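Data first, discussion second: the structure below is written as structure tokens.
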Amino acid sequence: RQVTVQRKDKDFEGMLEYCKEDEALLVKILITDMKPQMVSATVPCLPAYILFMCIRHADYMNDDQKVHSLLTSTINAIKKVLKKHNDDFETTSFWLANTSRLLHCLKQYSGDEAFMTQNSSKQNEHCLKNFDLAEYRQVLSDLSIQIYQQLIKVAEGMMHPMIVSAMLESESIPSLAGVKPMGYRHRSSSMDGDSYSLEGLIRQLGIFQGTMCDHGLDPEIIRQVFKQLFYMINAVTLNNLLLRKDVCSWSTGMQLRYNISQLEEWLRSKNLHQSGAVATMEPLIQATQLLQVKKKTHSDAEAICSLCSVLTAQQVVKILNLYTPLNEFEERVTVSFIRDIQGLLRDRNDPPQLLVDTKHAFPVLFPYTPSALSLETLHIPANLGLDFLTRV
Amino acid sequence: RLPPPRPRVLLKAPTLAEMEEMNISEEEESP
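Which chain is which? The protein sequence lines are Z and P, in order. My numbering numbers the first residue of the first sequence as 388 and each following residue consecutively. My numbering numbers the first residue of the second sequence as 2 and each following residue consecutively.
And the structure:
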């Protein structure tokens with residue numbers, strides 16, 4: 388499936404020559420008609436490397452119009468593909484990986500010493516000769532941010548309908564099944580119980596993670612994606628808890644804590660534990676503890692106030708008001724206990740709103756990630772139909 | 002071995018928003 392190599396790699400300079408008339412075809416093959424599966428068996432971000440090797444040749448020939456034209460066509464084509472597939476996680480992830488890789492290449496081979504510290508001597512020889520593409524780097528950086536925002540939007544849209552039933556309604560601890568507060572029936576917002584179980588939610592997270600890894604997206608960007616997605620899991624679940632009496636119970640607290648621990652376990656298994664994702668779940672973790680602790684004496688009230696450090700006073704009081712005993716042996720939280728809590732939390736400088744902002748977005752950062760790949764060793768699969776490119 | 006430092010010519014680029022505008026007007030012009 389590889390193009391026949393007629394010369395040894397060392398004879399190549401890591402550039403690809405093309406005729407100006409073939410630019411449209413190049414962009415069509417590499418961007419407009421590209422399907423991620425077509426390059427899944429090759430080096431990740433192959434389209435970005437091929438495009439950069441074409442830019443290198445135009446730079447080598449000192450042809451500013453050719454460089455300008457290819458970069459403009461590339462950026463416009465990527466935008467068009469993303470617009471067409473604006474609800475497709477795979478396409479969006481693929482172009483986020485490739486756009487940020489092209490941006491990294493423009494830095495790595497810019498000739499700017501700040502970006503060359505990790506380069507091999509061969510890579511340093513491959514730096515751009517004639518043009519400073521700093522302004523195009525800014526455009527690609529802006530485009531990467533746009534694609535990242537689309538990726539988050541698509542992933543959130545897919546996960547949103549799963550969260551409440553997976554986190555609050557599914558019974559992942561078998562022994563707790565059926566232990567519900569008196570007077571409430573099981574309520575599910577899902578039509579299909581199986582697809583919205585905790586297992587289903589975790590499976591979906593795994594699909595996102597696997598797809599982004601396959602596309603060669605930078606691990607740092609993947610970590611930021613999961614921090615944002617876990618923030619949403621926290622926000623949607625907590626908001627639901629704050630509005631529903633039937634889930635403010637000891638058993639839901641237990642169930643929820645178990646579900647969160649499963650999510651933490653998943654993060655650990657994917658080496659995403661340091662992403663900041665767990666910290667975004669802290670309000671929910673504290674809410675589960677609030678549902679489970681004793682709520683009777685003044686010292687219980689003091690313990691609750693030190694325990695619930697990231698919940699607002701309004702949220703703590705609301706959960707206590709909604710708290711529903713499981714059976715006749717468990718007491719309702721008394722009005723005097725809630726007053727005691729209110730007194731203890733009076734001095735907190737909390738925001739006035741009860742619910743969490745589900746739309747809050749963490750700022751995204753794209754740290755520079757140079758590649759160890761040597762451009763002259765890159766092979767282009769014959770099935771892409773790029774035989775009009777000449778390796779130089 | 003670093004290549005000898007050599008001044009590169011800054012290639013001016015339109016912003017992403019300007020590219021979008023140019024692209025829209027090109028599409029409008031084409032049948």
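Glycine is no exception: its CB is placed at the ideal position from the N, C-alpha and C atoms. The model shown is predicted, which means the values in this text are computed figures rather than measured ones.
In angstroms with no decimal places, state the Cα-to-Cα distance between residue i and residue j.
i	j	result
Phe476(Z)	Met545(Z)	9 Å
Val665(Z)	Ser507(Z)	37 Å
Gln676(Z)	Leu707(Z)	12 Å
Val612(Z)	Ile539(Z)	7 Å
Thr699(Z)	Gly593(Z)	32 Å
Tyr645(Z)	Val751(Z)	30 Å
Ala484(Z)	Asp687(Z)	50 Å
Val779(Z)	Glu404(Z)	7 Å
Cys695(Z)	Tyr583(Z)	29 Å
Met549(Z)	Met619(Z)	12 Å
Leu555(Z)	Ile647(Z)	11 Å
Leu458(Z)	Leu413(Z)	12 Å
Gly640(Z)	Glu718(Z)	16 Å
Gly597(Z)	Asp734(Z)	46 Å
Lys682(Z)	Val720(Z)	6 Å
Ala674(Z)	Ile691(Z)	10 Å
Pro738(Z)	Leu629(Z)	16 Å
Ser576(Z)	Phe753(Z)	Residue confidence for Ser576(Z) is low, a pLDDT of 45 falling below 50, so the modelled location carries little weight and cannot support an answer.
Glu652(Z)	Ile442(Z)	44 Å
Lys705(Z)	Leu731(Z)	15 Å
Met668(Z)	Ile608(Z)	19 Å
Tyr436(Z)	Leu489(Z)	7 Å
Lys614(Z)	Phe399(Z)	42 Å
Leu671(Z)	Gln649(Z)	14 Å
Glu712(Z)	His547(Z)	Sequence inspection shows Pro at residue 712(Z); the Glu mentioned does not correspond to that position. Cα to Cα, Pro712(Z) sits roughly 29 Å from His547(Z).
Ile418(Z)	Lys467(Z)	9 Å
Glu689(Z)	Ile534(Z)	46 Å
Ser480(Z)	Ser531(Z)	11 Å
Arg590(Z)	Ser497(Z)	41 Å
Met421(Z)	Ile465(Z)	10 Å
Leu643(Z)	Val634(Z)	10 Å
Glu715(Z)	Arg726(Z)	24 Å
Leu527(Z)	Gln505(Z)	22 Å
Ala781(Z)	Val551(Z)	Any property of residue 781(Z) remains undetermined from this structure, which presents chain Z solely from 388 to 779.
Leu762(Z)	Met448(Z)	18 Å
Met503(Z)	Asn511(Z)	7 Å
Cys432(Z)	Ser487(Z)	9 Å
Leu616(Z)	Ile728(Z)	32 Å
Trp482(Z)	Lys471(Z)	13 Å
Here's the rule: buried if 16 or more other CB atoms are within 10 angstroms of the residue's CB, otherwise exposed. What is residue i?
i	result
Ser557(Z)	buried
Thr16(P)	exposed
Gln495(Z)	buried
Asp744(Z)	exposed
Gly401(Z)	buried
Met23(P)	exposed
His747(Z)	exposed
Ser656(Z)	exposed
Gln805(Z)	Any property of residue 805(Z) remains undetermined from this structure, which presents chain Z solely from 388 to 779.
Cys514(Z)	buried
Gln740(Z)	exposed
Ser25(P)	The displayed chain sequence assigns Ile, not Ser, to residue 25(P). It counts as exposed.
Leu11(P)	exposed
His444(Z)	buried
Cys406(Z)	exposed
Ala18(P)	exposed
Ser723(Z)	exposed
Gln661(Z)	exposed
Ser427(Z)	exposed
Arg524(Z)	buried
Pro606(Z)	exposed
Gln537(Z)	buried
Asp446(Z)	buried
Ser693(Z)	exposed
Does residue i get closer than 8 Å to chain B when you measure Cβ to Cβ?
i	result
Gly498(Z)	The structure shown has no chain B; the protein chains it does contain are Z and P.
Tell me whether residue i, by its Cβ, gets closer than 7 Å to a heavy atom of the ligand ZN.
i	result
Leu490(Z)	Looking at this structure, you won't find the ligand ZN or any other ligand, since it has none at all.
**Item:** Proximal residues, the stretch 446-465 of chain Z versus chain P, C-beta separation under 8 Å
**Value:** Going along the stretch 446-465 of chain Z in chain order, one finds Asp451, Val454, His455, Leu458, Thr459, Ile462, Asn463 with a Cβ nearer than 8 Å to chain P.
**Request:** Check whether the stretch 444-452 of chain Z touches the stretch 479-495 of chain Z, counting contact only when three or more Cβ pairs, one atom from each stretch, lie closer than 8 Å.
**Result:** Taking 8 Å as the limit for Cβ pairs, the verdict is that the stretch 479-495 of chain Z does not touch the stretch 444-452 of chain Z.
**Item:** Residues, ordered as in the chain, of the stretch 512-530 of chain Z that lie near chain P by beta-carbon distance below 8 Å
**Value:** Within the stretch 512-530 of chain Z, the residues whose Cβ lies closer than 8 Å to some Cβ of chain P are Glu512, Cys514, Leu515, Lys516, Asn517, Phe518, Asp519, Leu520, Ala521, Glu522, Tyr523, Gln525, Val526, Asp529, Leu530, listed in chain order.
**Request:** Examine the Cβ distances between the stretch 506-525 of chain Z and the stretch 764-777 of chain Z and report whether three or more of them are shorter than 8 Å.
**Result:** Contact check between the stretch 506-525 of chain Z and the stretch 764-777 of chain Z: fewer than three CB pairs, one atom from each, fall below 8 Å, which does not count as touching.
**Request:** Kindly provide the ranges of any alpha helix (DSSP H) runs that are 4 or more residues long and lie completely inside the stretch 671-718 of chain Z, ordered along the chain.
**Result:** 685-694, 700-709, all fully within the stretch 671-718 of chain Z.
**Prompt:** Counting pairs of Cβ atoms below 8 Å between the stretch 621-637 of chain Z and the stretch 597-613 of chain Z, do you hit three or more?
**Reply:** Between the stretch 621-637 of chain Z and the stretch 597-613 of chain Z there are fewer than three C-beta pairs closer than 8 Å, too few to call the two in contact.
**Message:** To test your reading of the DSSP string, which unbroken alpha helix (DSSP H) runs of 4 or more residues are found completely within the stretch 635-673 of chain Z?
**Reply:** Runs found: 637-656, 664-667.
**Every unbroken alpha helix (DSSP H) within the stretch 517-555 of chain Z, with a cutoff of 4 residues, ordered by chain** = Annotation note: the stretch 517-555 of chain Z contains the following uninterrupted alpha helix (DSSP H) runs of length 4 or greater, listed N- to C-terminal: 521-551.
**Request:** Note down, one range per segment and in chain order, each alpha helix (DSSP H) of at least 4 residues found wholly within the stretch 735-772 of chain Z.
**Result:** For the stretch 735-772 of chain Z, not a single whole alpha helix (DSSP H) run of length 4 or above is found.
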